[in-house]
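Protein chains in written order, with my numbering: chain A, 11 to 336; chain B, 13 to 348.
In this text, a Cβ means the ideal position worked out from N, Cα and C, and glycines have one as well.
Keep in mind the model is a prediction, meaning the values are calculated, not measured.
Worksheet: one structure, shown below.
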């Protein structure tokens with residue numbers, strides 16, 4: 011994958027956290043050897059169960075955590091390379107990469123007005139020359155995300171969940187970024203409000219050409235919004251493919267069971283479909299199985315799976331799968 | 013309905029309010045339904061629609077500020093709303109049980125799983141310690157907990173979310189209740205674990221024959237589980253019917269909007285059609301239909317008068333003026 015121009019390239023990213031166990035410190039491998047790339051203006055969906063490291067990937071990309079190893083290239087600039095010891099100052103890049111958080115209740119400062127919340131990134135990056143310009147920009151942003159400009163002097167608690175999420179999105183858009191990490195941006199919202207916010211993400215992408223890494227556990231929402239989808243399990247990338255391709259033709263046994271477990275809002279299909287019920291729970295990331303982490307719950311597992319983690323291999327049409335048997 | 017024994021539970025014109033500093037919050041406004049033994053009833057709605065409060069009203073475990081202000085809940089023909097606390101504590105757990113959304117907080121962290129299970133068993137059945145322990149192990153095996161003999165000595169924090177929810181189900185079913193109320197039982201769980209738990213609940217229903225009231229906001233969960241569905245909005249039932257009727261022939265604007273707004277296999281590459289506006293404020297309920305402020309096709313009558321429930325087909329009721337639009341227009345014409 012070298013010919014094409016990517017906005018963001020991630021190679022062999024590792025993020026370990028030290029965890030004390032008794033007197034020993036052992037690494038918790040939250041993200042282990044993950045590689046993917048995002049094109050400009052594209053949405054990559056990232057799905058997986060809780061604790062699989064999908065949020066950690068998003069945060070590590072933005073360097074909210076210091077990566078353990080790997081290489082991150084954004085827009086042609088190397089941001090981090092553990093082999094060459096490159097580790098740049100992120101502040102100028104924060105203008106290009108932003109984040110929208112899961113919980114619209116705790117990610118907004120309750121003591122700041124909406125105007126100040128949206129204006130803060132403008133202040134940090136000094137993106138205005140006069141006070142009037144700052145105010146105009148803020149009002150323009152509020153309009154962009156469908157907020158009433160008259161509400162600029164209100165505090166976050168005066169808004170509903172969906173409106174708060176809009177404030178969070180306006181704040182991310184303030185610096186005119188090229189790339190936004192959306193960490194479960196709709197899972198805290200009601201069903202009827204979810205659709206409003208999902209539509210807004212899509213419209214903003216059309217208007218501004220921004221690329222998203224859309225992290226979520228709701229597979230139907232992710233399928234709807236994403237161009238491509240990546241599936242993670244216990245810190246490893248299991249499968250990455252075109253959204254429709256992944257849905258119609260899942261190859262990895264984990265993706266298969268994940269898709270079959272999604273409750274379909276359609277009684278007739280739901281009655282006909284056969285769920286592949288996975289046995290047991292996700293193993294603790296501190297006691298990771300050898301080889302492929304999924305082998306303990308996998309129906310296809312063989313001896314080979316216990317020996318070595320399979321690499322992502324190309325199965326055509328940009329469909330990559332990490333599995334020995336499929 | 014003179015044959016009371018036909019239904020396990022009858023809820024008749026239930027009104028539940030919370031009396032807060034800001035005034036009376038009418039969480040449930042006149043809900044009626046009947047539950048047949050061995051069936052699954054689904055209650056769907058968004059947060060604040062009164063679905064959980066309905067469940068808590070049946071169990072009578074409302075918060076201190078909450079009260080059933082009108083209507084009745086009858087279990088096998090007996091009105092339980094005026095029962096004493098003593099009668100109720102006998103009723104809860106042995107006749108009707110509830111499992112809550114969050115398995116992390118609904119188990120007591122300072123007691124072992126076995127202790128909590130045995131407590132419920134001994135309280136309701138009068139079994140001695142040894143028998144209760146045997147029953148606890150039997151129940152844990154039934155809900156698919158591996159190594160139950162060692163699990164009963166563990167504390168809740170040692171179990172995963174899915175395991176804790178299984179323990180909650182075991183606890184709820186250990187006295188073989190007639191009704192199991194599941195209040196968002198899988199919302200806090202991952203999809204693969206959710207599938208396990210839903211499968212388990214259906215399986216146990218076949219084995220034990222209890223009726224299930226499934227409270228959820230997830231239309232996917234409802235579609236695969238329920239015989240009958242109630243759609244709630246603003247503390248009222250806006251539509252009820254069989255799963256097929258609700259999903260393939262929705263007759264209330266809210267249900268229609270809800271079904272349009274969720275991503276499905278057939279609208280993956282189209283724009284979703286969200287319901288405009290925001291959920292209603294229960295402190296400030298509109299005079300007419302609760303959904304009217306967000307309804308695209310609202311008529312004059314929707315603003316002022318609450319619609320009654322009308323039969324749409326043999327097993328489908330909806331309370332929306334639009335279904336009887338012609339009659340409404342005729343009446344308005346006659347009035348004017």
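I'd like the list of long-range same chain contacts for residue 9 of chain B, defined as Cβ closer than 7 Å, with 5 residues on each side in sequence excluded.
An answer regarding residue 9 of chain B cannot be provided, because it is not within the stretch 13 to 348 covered by chain B.
Quick one, which of B/42, B/150, B/26 and B/180 has its alpha-carbon nearest residue 110 of chain B's?
Within the second chain, numbered from 1, the residue matching residue 110 of chain B stands at position 98. Residue 110 of chain B has its Cα closest to that of B/180, out of B/42, B/150, B/26 and B/180.
What did DSSP end up calling residue 329 of chain B once you bin it into helix, strand or coil?
Mapped onto the second chain, residue 329 of chain B falls at position 317. If DSSP states are grouped into helix, strand and coil, residue 329 of chain B belongs with the strands.
Just to confirm my understanding: we take residue 89 of chain A, look at its own chain, exclude 5 residues before and 5 after, and list those with CB closer than 6 Å. What are they?
Here residue 89 of chain A refers to the residue found at position 79 of the first chain. Counting only Cβ-Cβ distances below 6 Å, and skipping sequence neighbours, we find 82 and 98.
What does residue 201 of chain A reach in chain B if we use C-beta pairs closer than 7 Å?
Taking the first chain and counting its residues from 1, the one referred to as residue 201 of chain A is at position 191. Going along chain B in sequence order, the residues near residue 201 of chain A (Cβ under 7 Å) are 58, 229, 270, 273 and 274.
Within 10 angstroms of its Cβ, does residue 331 of chain B collect 16 or more other Cβ (buried), or is it exposed?
Counted from its first residue, the second chain places residue 331 of chain B at position 319. Classification for residue 331 of chain B: buried.
Measure how close the beta-carbons of residue 174 of chain A and residue 166 of chain A come, nearest whole angstrom, since I'm counting them as under 8 Å.
Within the first chain, residue 174 of chain A is the residue found at index 164, counting from 1. Within the first chain, residue 166 of chain A is the residue found at index 156, counting from 1. Distance from residue 174 of chain A to residue 166 of chain A at the Cβ level is roughly 6 Å; contact confirmed, criterion being Cβ atoms closer than 8 Å.
If you measure from the beta carbon of residue 275 of chain A to each beta carbon in chain B, is any gap under 7 Å?
Start at 1 with the first residue of the first chain, and residue 275 of chain A comes out as number 265. Closer than 7 Å to some Cβ of chain B, the Cβ of residue 275 of chain A qualifies, so yes.
Let me know the secondary structure DSSP gives residue 148 of chain A once reduced to three states.
Residue numbering aside, residue 148 of chain A sits at position 138 when the first chain is read from its first letter. In the structure shown, residue 148 of chain A sits in a helix (DSSP, three-state: H, G or I).
Where does residue 39 of chain A land, buried or exposed, given buried means 16+ other C-beta within 10 angstroms?
Here residue 39 of chain A refers to the residue found at position 29 when the first chain is read from its first residue. By the neighbour-count rule (16 or more Cβ atoms within 10 Å), residue 39 of chain A is buried.
Check residue 29 of chain B in the structure and name its three-state DSSP category.
Your numbering for residue 29 of chain B matches position 17 in the second chain. In this structure, residue 29 of chain B counts as strand in the three-state DSSP scheme.
3-residue-minimum beta strand (DSSP E) runs that sit fully inside the stretch 260 to 316 of chain A, ordered along the chain:
Listed in chain order, there is nothing to give.
Apart from the five residues on each side of it in sequence, which residues of its chain come closer than 8 Å, Cβ to Cβ, to residue 189 of chain B?
Here residue 189 of chain B refers to the residue found at position 177 when the second chain is read from its first residue. Hits under 8 Å: 105, 106, 107, 108, 109 and 222.
If residue 38 of chain B sits next to residue 115 of chain B, beta carbons under 8 Å apart, how far is it from one beta carbon to the other, in whole angstroms?
Taking the second chain and counting its residues from 1, one reaches residue 38 of chain B at position 26. Taking the second chain and counting its residues from 1, one reaches residue 115 of chain B at position 103. Going by Cβ atoms, the distance from residue 38 of chain B to residue 115 of chain B rounds to 30 Å, so no, they are not a contact pair.
Taking C-beta pairs closer than 9 Å, name the residues in chain B that residue 206 of chain A reaches, listed in chain order.
As a working note, residue 206 of chain A is residue 196 in the first chain. By Cβ distance, chain B contributes 273, 284, 286, 287 and 288.
Collapsed DSSP secondary structure at residue 34 of chain A in the structure displayed
Reading the first chain from its first residue, position 24 is the one you call residue 34 of chain A. In the structure shown, residue 34 of chain A sits in a strand (DSSP, three-state: E or B).
Do we get a CB-CB distance below 7 Å when we pair residue 172 of chain B with the residues of chain A?
Position 160 of the second chain holds residue 172 of chain B. Yes, residue 172 of chain B counts as interfacial toward chain A.
Hey, does residue 280 of chain B have any beta-carbon neighbour from chain A nearer than 7 Å?
To locate residue 280 of chain B, count along the second chain from 1; it is residue 268. Interface residue (Cβ-Cβ distance to chain A less than 7 Å): residue 280 of chain B is classified as such.
Contact set between the stretch 227 to 253 of chain B and chain A, restricted to residues whose Cβ is under 9 Å from the partner
Those would be 229, 230, 231, 232, 233, 234, 235, 236, 237 and 238, in chain order.
Less than 8 Å between C-beta atoms, sequence neighbours within five positions excluded: which residues of the same chain meet that for residue 240 of chain A?
In the first chain, counting from the first residue as 1, residue 240 of chain A sits at position 230. Hits under 8 Å: 46, 54, 55, 56, 57, 247, 249 and 250.
Backbone CA spacing between residue 188 of chain A and residue 243 of chain A [nearest angstrom]
One-based indexing of the first chain puts residue 188 of chain A at position 178. One-based indexing of the first chain puts residue 243 of chain A at position 233. Cα to Cα, residue 188 of chain A sits roughly 28 Å from residue 243 of chain A.
Which parts of the stretch 118 to 146 of chain B are runs of the alpha helix (DSSP H), unbroken and 4 residues or longer, counting only runs that do not cross its ends?
125 to 137
At the level of alpha carbons, what is the spacing between residue 183 of chain A and residue 14 of chain A?
Walking along the first chain from the start, residue 183 of chain A turns up at place 173. Walking along the first chain from the start, residue 14 of chain A turns up at place 4. Going by the C-alpha atoms only, they are around 26 Å apart.
Verify the CB distance criterion: does residue 102 of chain B have a CB-CB separation below 7 Å to chain A?
Locating residue 102 of chain B in the second chain gives position 90, where the first residue counts as 1. Cβ-Cβ to chain A under 7 Å: no for residue 102 of chain B.
Distance check for residue 259 of chain B and residue 271 of chain B, CA to CA, integer angstroms please.
By 1-based counting over the second chain, the position of residue 271 of chain B is 259. By 1-based counting over the second chain, the position of residue 259 of chain B is 247. Near 8 Å, if we compare the C-alpha coordinates of residue 259 of chain B and residue 271 of chain B.
Would you kindly work out how many angstroms separate the C-alpha atoms of residue 197 of chain A and residue 228 of chain A, rounded to a whole number?
As a working mapping, residue 197 of chain A is identified with position 187 in the first chain. As a working mapping, residue 228 of chain A is identified with position 218 in the first chain. Taking the CA atoms as reference points, residue 197 of chain A sits about 8 Å from residue 228 of chain A.
If distances are taken between C-alpha atoms only, which option among B/149, B/122 and B/265 comes closest to residue 129 of chain B?
As a working mapping, residue 129 of chain B is identified with position 117 in the second chain. When each option's Cα is compared against that of residue 129 of chain B, the closest is B/149.
Using a cut-off of 9 Å between C-beta atoms, extract the partners of residue 59 of chain A located in chain B.
What you label residue 59 of chain A is simply residue 49 of the first chain in a count that begins at 1. Correct list: 202, 203, 204 and 205.
Roughly how many angstroms separate the alpha carbons of residue 247 of chain B and residue 297 of chain B, rounded to a whole number?
Here the question's residue 247 of chain B lines up with position 235 in the second chain. Here the question's residue 297 of chain B lines up with position 285 in the second chain. In a straight line, the C-alpha of residue 247 of chain B is about 10 Å away from that of residue 297 of chain B.
Terminal residues of the beta strand (DSSP E) in which residue 78 of chain A lies:
For the purposes of this step, residue 78 of chain A is taken as residue 68 along the first chain, with counting starting at 1. Careful: residue 78 of chain A lies outside any beta strand (DSSP E) and carries neither H nor E.
With a 10 Å radius around its C-beta and 16 neighbouring C-beta atoms as the bar for buried, classify residue 216 of chain A as buried or exposed.
Sequence index remark: in the first chain, residue 216 of chain A carries index 206 (1-based). Exposed, because fewer than 16 other Cβ atoms sit within 10 Å of the Cβ of residue 216 of chain A.
Say whether chain A places a C-beta atom closer than 7 Å to the C-beta of residue 211 of chain B.
Looking up residue 211 of chain B in the second chain gives position 199. Yes, residue 211 of chain B counts as interfacial toward chain A.
Are the C-beta of residue 15 of chain B and some C-beta of chain A separated by less than 7 Å?
On the second chain, residue 15 of chain B is found 3 positions in, with the first residue counted as 1. Reliability fails at residue 15 of chain B, whose pLDDT of 48 lies under 50, so the model's placement of it is uncertain and the value that follows must be treated cautiously. No, residue 15 of chain B does not count as interfacial toward chain A.
What does residue 175 of chain B touch in chain A if you count any residue whose Cβ is under 9 Å from its own?
As a first step, residue 175 of chain B is located in the second chain; it is residue number 163 there, counting from the start. Here the neighbours are 291.
Can you tell which of A/30, A/310, A/34 and A/171 has its C-alpha closest to the C-alpha of residue 116 of chain A?
Here residue 116 of chain A corresponds to residue number 106 of the first chain, with the count starting at 1. Checking every option, the nearest Cα to that of residue 116 of chain A belongs to A/171.
Go ahead and pull the three-state DSSP assignment for residue 15 of chain A.
Locating residue 15 of chain A in the first chain gives position 5, counting from the first residue. Coil, per DSSP.
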